[in-house]
Amino acid sequence: MVTLDGIEASPENIASGKYPMNRPLYLITNGEPTGDAEKFIDYLLSDKGQSLLEPHGYLSLKQIGK
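All residue numbers for the sequence shown refer to UniProt numbering, where the first residue is 1 and numbers rise by one.
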């Protein structure tokens with residue numbers, strides 16, 4: 001596990017903000033999402049979409065308490 005300033009990059013430390021090197025993932029659209037963009041965002045926010053995040057190094061919304 002990677003540490004920075006003696007703090008492990010654990011999901012708990014990242015979610016709580018204790019681990020100092022993290023960033024959110026933003027999905028930006030030109031106005032309200034429609035069509036395929038809306039479907040993609042809805043999919044990512046679904047349980048199935050959220051389950052795909054962890055294997056790629058991201059925390060799910062549930063893991064960060066949202």
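Using N, Cα and C, we set each Cβ at its ideal position, and we do this for glycine too.
Since the model is a prediction, treat every value here as computed from it, not as a measurement.
Extent of the continuous alpha helix (DSSP H) run through residue i
i, result
"L45", "G35 to L45"
"A15", "P11 to S16"
Cβ distance (whole Å) where residue i is taken to contact residue j below 8 Å
i, j, result
"L53", "L59", "7 Å"
Cβ-based burial, residue i [other Cβ within 10 Å; buried from 16]
i, result
"Y19", "buried"
"I14", "buried"
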